[in-house]
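Reading through the structure tokens given below for one structure.
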Amino acid sequence: MTGNATAISQNLPPNVAQQRVLVLDFGSQYAHLIARRVREQQVYCEIIRHDITAQRIRELNPQGLILSGGPASVYEPGAPRCDPKIFRLGIPLLGICYGMQLACDALGGEVKSASSREYGRARCHTQDNSGLFSGLPAEMDVWMSHGDQVMSTSDEFIPLASTGTCPIAAVKHRDLPVYGLQFHPEVTHTPQGNALLRNFLMEVCSCEGTWKLDEFAKQLIHQLRQRIGTGQVICGLSGGVDSAVTAALLYQAVGTQLSCIHVDNGLLRQDEKESVIREFTGHFKTDLHVVEAEDKFLTALAGISDPQEKRIRIGHAFIECFKEEAAQIEGAQFLAQGTLYPDVIESGAAPDGPAATIKLHHNVGGLPEELGFELIEPLRDLFKDEVRRLGLELGLPEDLIWRHPFPGPGLAVRCLGEVTKGRLKTLRAADAIVVEEIQAAGLYRQTAQAFAVLLPVQSVGVMGDSRTYENAVAVRCVDSHDFMTADWSHLPHELLGRISTRMINEVPGVNRVCYDISSKPPATIEWE
Ligand code: XMP
Numbered sequence: 000m001t002g003n004a005t006a007i008s009q010n011l012p013p014n015v016a017q018q019r020v021l022v023l024d025f026g027s028q029y030a031h032l033i034a035r036r037v038r039e040q041q042v043y044c045e046i047i048r049h050d051i052t053a054q055r056i057r058e059l060n061p062q063g064l065i066l067s068g069g070p071a072s073v074y075e076p077g078a079p080r081c082d083p084k085i086f087r088l089g090i091p092l093l094g095i096c097y098g099m100q101l102a103c104d105a106l107g108g109e110v111k112s113a114s115s116r117e118y119g120r121a122r123c124h125t126q127d128n129s130g131l132f133s134g135l136p137a138e139m140d141v142w143m144s145h146g147d148q149v150m151s152t153s154d155e156f157i158p159l160a161s162t163g164t165c166p167i168a169a170v171k172h173r174d175l176p177v178y179g180l181q182f183h184p185e186v187t188h189t190p191q192g193n194a195l196l197r198n199f200l201m202e203v204c205s206c207e208g209t210w211k212l213d214e215f216a217k218q219l220i221h222q223l224r225q226r227i228g229t230g231q232v233i234c235g236l237s238g239g240v241d242s243a244v245t246a247a248l249l250y251q252a253v254g255t256q257l258s259c260i261h262v263d264n265g266l267l268r269q270d271e272k273e274s275v276i277r278e279f280t281g282h283f284k285t286d287l288h289v290v291e292a293e294d295k296f297l298t299a300l301a302g303i304s305d306p307q308e309k310r311i312r313i314g315h316a317f318i319e320c321f322k323e324e325a326a327q328i329e330g331a332q333f334l335a336q337g338t339l340y341p342d343v344i345e346s347g348a349a350p351d352g353p354a355a356t357i358k359l360h361h362n363v364g365g366l367p368e369e370l371g372f373e374l375i376e377p378l379r380d381l382f383k384d385e386v387r388r389l390g391l392e393l394g395l396p397e398d399l400i401w402r403h404p405f406p407g408p409g410l411a412v413r414c415l416g417e418v419t420k421g422r423l424k425t426l427r428a429a430d431a432i433v434v435e436e437i438q439a440a441g442l443y444r445q446t447a448q449a450f451a452v453l454l455p456v457q458s459v460g461v462m463g464d465s466r467t468y469e470n471a472v473a474v475r476c477v478d479s480h481d482f483m484t485a486d487w488s489h490l491p492h493e494l495l496g497r498i499s500t501r502m503i504n505e506v507p508g509v510n511r512v513c514y515d516i517s518s519k520p521p522a523t524i525e526w527e
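Written out as structure tokens, the structure is:
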């Protein structure tokens, strides 16, 4: 079954995503992860609302369906359900955890609360080595996270696997292409999880693995050319990976019709402006407008210590600068932005996608609609890891592609208390040492964010024979996959020691360094 369905997404080239799998989201924290894992198998995948009708699914004509997990109990009133007709569409379906319970419940099984909630690793024994379990060992570790489980199935189901506490850990329907897994194949704690998903996609759904980023990029570039015609496009460059990849794509598509704007707000990391200039005038020869706006931002921030007030003022100043500069670019009709797929999903803006989830949006990089441009968002179908791969394919350098995320308000929210030129200079130098040392130790890629925070605290020290009374700096390094939760990075003590020694020796005005060992939640990644 090869779909030629209406594309769900707005700008997806139709033939790239001919074979796609849809993930019905029942509120799982792992729905994005499932979709990413499917795409890693080169099968295009989108997340859609759980209550989509069977009729709509038939129109979309996917190659397979995956029902995600979710926090509810299927037997509770008001629990999210899917249209029961989807089980009989003849489209291969895999229910994961809650998704399996729903499938079994809908097709005659019994779901009950387990005697105790099972959370963690379990040893799984398989009774089948075909289809889903083809080529997999008879025993393997799996990751469980459930309170309910399927207690019995109707005769229509065949149990495929069990664990010590979960007699029905995987099932298959006798006649329909409906499968269920009580455990989570999408998490790395299920080492055979990718192989299981691959079996579902290739063996059960007959996907061919046609989702290739290079092909996607080629078609996207072609599509962008058609849409833009002879028009002029503006793209804001922050120094981060999303806007850089957006600009690189547009440069490939329309070359000199692209103008980039980089606002130097005086709140950037060390060498950030220089690397933007190097990349977008040296490598990609774009029409780059650098707006020197340090004074404007620092004036707007003078005397302000409240974090939200800092964000608001930075946001206003940014829009003003951008607007003024954009007005200088003759004939500009389009504005390109680096919106990614998770943003589209979380804002509830995807057609057929799940409703918006409540998320604290503190982004200040957004531009208001009244600027009057037509919006182009070429990355709106991609996950971050795909954007990075695309950037590398487009020839952007590794250090830019792998640079840690940086908040829109920049160093202002890492300079606790008042933001002044002098304090920013201290912070920037301290921050560069954190990054340099973590890079030198080969730990930069596995760390999600690593930075310095200048505290509004002075402490006593001794340097040589004299007493000092100078600034304290906190070093913040976290490991995280999604930035919604994070653990502090357990860095080697020697590395922390080097960071501290260098900072105190090399950065004037710093005489004390602390390491932040709080996780998120309850702390946040940033200090402000
Ligand atoms: P928190 O501090 O909420 O941060 O744990 C989660 C992620 O969001 C980034 N962050 C921001 N990004 N504007 C942004 O564009 C902001 O105001 C902002 N505040 C936090 C933070 O760096 C982390 O990646």
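Using numbering that gives the first Met the number 0, read the sequence shown as starting at 0 and increasing by one per residue.
Heads up, the beta-carbon is just placed ideally off N, CA and C, and yes, glycines get one too.
Open item on the list: Give the list of continuous alpha helix (DSSP H) stretches no shorter than 4 residues that lie fully inside the segment 38–117.
Closed with: 53–59 and 97–105
Task: Backbone CA spacing between residue 460 and residue 120 [nearest angstrom] - done: Position 461 of the sequence shown, counted from the first residue, corresponds to residue 460. Position 121 of the sequence shown, counted from the first residue, corresponds to residue 120. Each residue's alpha carbon lies about 49 Å from the other.
TODO: Report whether the distance from the Cβ of residue 268 to the nearest heavy atom of the ligand XMP is below 7 Å.
DONE: Taking the first residue of the sequence shown as position 1, residue 268 is located at position 269. For the ligand XMP, not one heavy atom lies less than 7 Å from the Cβ of residue 268.
- [ ] Give me whichever residues DSSP pairs with residue 155 in a beta bridge.
- [x] By one-based count along the sequence shown, residue 155 stands at place 156. None, per the DSSP bridge assignment.
- [ ] Report yes if the C-beta distance between residue 279 and residue 252 is below 8 Å; otherwise report no.
- [x] Counting from 1 along the sequence shown, the entry for residue 279 is found at position 280. Counting from 1 along the sequence shown, the entry for residue 252 is found at position 253. Not a contact, by the Cβ cut-off of 8 Å.
- [ ] Assign residue 150 to one of three DSSP states: helix, strand, or coil.
- [x] The residue labelled residue 150 in the question sits at position 151 within the sequence shown. If DSSP states are grouped into helix, strand and coil, residue 150 belongs with the strands.
- [ ] Take residue 184 and list the residues in its own chain whose beta-carbon comes closer than 6 Å to its own, dropping the five residues that flank it on each side.
- [x] Numbered from 1 along the sequence shown, position 185 holds the residue referred to as residue 184. So the qualifying residues of the chain are 192, 195 and 196.
Task: The beta strand (DSSP E) enclosing residue 469, as first and last residue numbers - done: For the purposes of this step, residue 469 is taken as the residue at position 470 of the sequence shown. That run of the beta strand (DSSP E) goes 465–478.
- [ ] Go through its chain and collect everything with a Cβ distance to residue 392's Cβ below 7 Å, but skip five positions before and after it.
- [x] Mapped onto the sequence shown, residue 392 falls at position 393. Closer than 7 Å at the Cβ level, and outside the excluded window around residue 392, lie 212, 213 and 216.
TODO: Consider the C-beta atom of residue 408 and the heavy atoms of the ligand XMP; say whether any pair is separated by less than 7 Å.
DONE: As a position in the sequence shown, residue 408 is number 409, starting the count at 1. Checking every heavy atom of the ligand XMP against the Cβ of residue 408, one is found closer than 7 Å.
Open item on the list: Given 7 Å as the limit, tell me if residue 482 has its C-beta closer than that to any heavy atom belonging to the ligand XMP.
Closed with: Counting from 1 along the sequence shown, the entry for residue 482 is found at position 483. The answer is yes for residue 482.
Task: Residues bridged to residue 138 (per DSSP) - done: Start at 1 with the first residue of the sequence shown, and residue 138 comes out as number 139. Note: residue 138 sits in a beta bridge opposite 124.
Open item on the list: Quick test of the definition: if touching needs 3 or more C-beta pairs under 8 Å, does the segment 57–65 touch the segment 17–33?
Closed with: yes
- [ ] Please name the residue in 100, 142 and 171 whose C-alpha comes closest to that of residue 126.
- [x] On the sequence shown, position 127 is the one that residue 126 refers to. Comparing Cα positions, the closest option is 171.
- [ ] Taking only heavy atoms of the ligand FAD into account, decide whether any of them is closer than 7 Å to the Cβ of residue 404.
- [x] What this structure holds is the ligand XMP, not the ligand FAD.
Open item on the list: I'd like the span of the alpha helix (DSSP H) that includes residue 510, first residue to last.
Closed with: The residue labelled residue 510 in the question sits at position 511 within the sequence shown. Here residue 510 belongs to no alpha helix (DSSP H); instead the beta strand (DSSP E) covers 509–514.
- [ ] Per DSSP, which residues does residue 419 bridge with? Please list them.
- [x] Your numbering for residue 419 matches position 420 in the sequence shown. Answer is none; residue 419 lacks a bridge partner.
Open item on the list: Suppose you measure from the CA of residue 513 to the CA of residue 296; what does that come to, to the nearest Å?
Closed with: On the sequence shown, position 514 is the one that residue 513 refers to. On the sequence shown, position 297 is the one that residue 296 refers to. Straight-line Cα distance between these residues: approximately 29 Å.
- [ ] Name, in chain order, the residues that DSSP records as bridge partners for residue 144.
- [x] Taking the first residue of the sequence shown as position 1, residue 144 is located at position 145. In DSSP, residue 144 forms a bridge with 118.
TODO: Out of 204, 384 and 323, point me to the one whose CA is closest to residue 447's CA.
DONE: Taking the first residue of the sequence shown as 1, we reach residue 447 at position 448. Minimum Cα distance to residue 447 is reached at 384.
- [ ] Note down the Cα distance separating residue 301 from residue 418, rounded to an integer number of angstroms.
- [x] Position 302 of the sequence shown, counting from 1, holds the residue named residue 301. Position 419 of the sequence shown, counting from 1, holds the residue named residue 418. One C-alpha to the other measures close to 7 Å.
Open item on the list: Do residue 68 and residue 116 count as a contact pair if the criterion is CB distance below 8 Å?
Closed with: Position 117 of the sequence shown holds residue 116. Position 69 of the sequence shown holds residue 68. It is not a contact, given that the beta carbons lie outside the stated cut-off.
TODO: Determine which residues share a DSSP beta bridge with residue 19 and list them.
DONE: As a working mapping, residue 19 is identified with position 20 in the sequence shown. Residue 19 pairs with 43.
- [ ] Report whether the distance from the Cβ of residue 75 to the nearest heavy atom of the ligand XMP is below 7 Å.
- [x] In the sequence shown, the residue the question calls residue 75 occupies position 76. Not so, every heavy atom of the ligand XMP lies at least 7 Å from the Cβ.
Open item on the list: Could you check whether the Cβ of residue 28 sits closer than 7 Å to any heavy atom belonging to the ligand XMP?
Closed with: As a first step, residue 28 must be located in the sequence shown, where it is residue number 29. Residue 28 Cβ: outside cutoff for every heavy atom of the ligand XMP.
Task: Reference residue 239, options 314, 400 and 23, closest by Cα - done: Counting from one through the sequence shown, the residue named residue 239 turns up at place 240. Answer by Cα proximity: 400.
TODO: Just the C-alpha distance for residue 265 and residue 291, rounded to the nearest angstrom, thanks.
DONE: Within the sequence shown, numbered from 1, the residue matching residue 265 stands at position 266. Within the sequence shown, numbered from 1, the residue matching residue 291 stands at position 292. Using only the alpha carbons, I get a separation of about 8 Å.
Task: Residue range of the alpha helix (DSSP H) that includes residue 456 - done: Taking the sequence shown and counting its residues from 1, the one referred to as residue 456 is at position 457. Note, residue 456: premise wrong, no alpha helix (DSSP H); beta strand (DSSP E) at 448–462.
Open item on the list: Let me make sure I understand the geometry here. Which of 520, 258 and 149 has the alpha-carbon closest to that of residue 74?
Closed with: Mapped onto the sequence shown, residue 74 falls at position 75. The residue with the shortest Cα to Cα distance from residue 74 is 149.
Task: First through last residue of the beta strand (DSSP E) which encompasses residue 234 - done: To locate residue 234, count along the sequence shown from 1; it is residue 235. Note, residue 234: beta strand (DSSP E), 231–235.
Task: Distance CB(residue 386)-CB(residue 200) smaller than 8 Å - done: Walking along the sequence shown from the start, residue 386 turns up at place 387. Walking along the sequence shown from the start, residue 200 turns up at place 201. No, Cβ-Cβ distance for residue 386 and residue 200 is not below 8 Å.
Open item on the list: Given 7 Å as the limit, tell me if residue 278 has its C-beta closer than that to any heavy atom belonging to the ligand XMP.
Closed with: Position 279 of the sequence shown holds residue 278. Flag unset: Cβ of residue 278 not near the ligand XMP.
Open item on the list: In whole angstroms, give me the CA-to-CA distance for residue 131 and residue 91.
Closed with: Your numbering for residue 131 matches position 132 in the sequence shown. Your numbering for residue 91 matches position 92 in the sequence shown. Whole-angstrom Cα-Cα distance: 11 Å.
Task: CA nearest to the CA of residue 231, picked from 169, 328, 109 and 354 - done: Counted from its first residue, the sequence shown places residue 231 at position 232. Looking at the Cα atoms, 328 is the closest of the given residues.
Task: As assigned by DSSP and simplified to three states, the class of residue 194 - done: One-based indexing of the sequence shown puts residue 194 at position 195. Note: residue 194 maps to helix in three-state DSSP.
Task: Boundaries (first-last residue) of the alpha helix (DSSP H) holding residue 171 - done: Here residue 171 is taken as the residue at index 172 of the sequence shown, counted from 1. It is not in any alpha helix (DSSP H) - residue 171 instead sits in the beta strand (DSSP E) that spans 169–172.
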